[in-house]
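Let me begin by presenting the structure, written as structure tokens, before commenting on it.
In the working numbering, the protein residues as written are 163 to 297.
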């Protein structure tokens with residue numbers, strides 16, 4: 163037969179209540195501070211460099227020519243994207259697609275890309291050696 167005192171019952175109840183309060187706090191903290199995929203959204207696709215290499219036709223015309231300068235919409239040097247961090251490439255393409263970045267040619271190209279295309283291109287260019295213009 164188990165005998166408990168009133169004090170032991172109160173202490174056990176207080177401990178259980180404290181544990182429940184801490185659990186609720188920790189759960190709320192992590193729910194509100196985790197990145198978007200934890201909210202039930204689809205995780206970003208994983209890029210495939212081999213697939214990305216097959217999708218570079220629209221990129222190579224400008225980004226694949228050392229020292230290339232374009233005149234539309236204004237004259238500027240085209241940045242090299244080989245060796246750039248993949249997350250940066252994906253973010254830049256998303257921003258062109260959404261209009262947050264305003265280059266008209268890049269906006270049109272990015273509009274045709276799916277999230278998987280962006281991830282594949284980023285995997286390909288992010289895994290490439292950094293390239294610089296030669297003299």
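Cβ coordinates follow ideal geometry from the N, Cα and C atoms, glycine included. Small disclaimer: the values here were computed from a predicted structure and weren't measured.
Alpha helix (DSSP H) segment containing residue i, residue limits
i, result
"residue 266", "266 to 273"
"residue 225", "219 to 225"
"residue 242", "Run containing residue 242: none; DSSP gives neither H nor E here."
"residue 289", "277 to 289"
"residue 250", "248 to 260"
"residue 214", "211 to 215"
Own chain partners of residue i with C-beta closer than 8 Å, once the 5 adjacent residues on each side are dropped
i, result
"residue 237", "231"
Test item: CB-CB of residue i and residue j under 8 Å
i, j, result
"residue 285", "residue 248", "yes"
"residue 326", "residue 240", "No answer is possible for residue 326: the residues shown for the chain start at 163 and end at 297."
"residue 290", "residue 245", "yes"
"residue 263", "residue 254", "yes"
"residue 214", "residue 283", "yes"
Beta-carbon contacts of residue i that lie in its chain and below 7 Å, excluding the five residues immediately before and after
i, result
"residue 281", "206, 207, 208, 209 and 252"
"residue 267", "234"
"residue 265", "258"
"residue 301", "Residue numbering for the chain in the displayed model covers 163 to 297; residue 301 lies beyond these limits and cannot be assessed."
"residue 288", "246, 247, 248 and 251"
Residues near residue i by beta carbon distance below 6 Å, same chain, minus five either side
i, result
"residue 190", "The predicted position of residue 190 is uncertain, since its pLDDT is 43 and thus under 50; no value can be drawn from it."
"residue 277", "207"
"residue 261", "none"
"residue 211", "285, 286 and 289"
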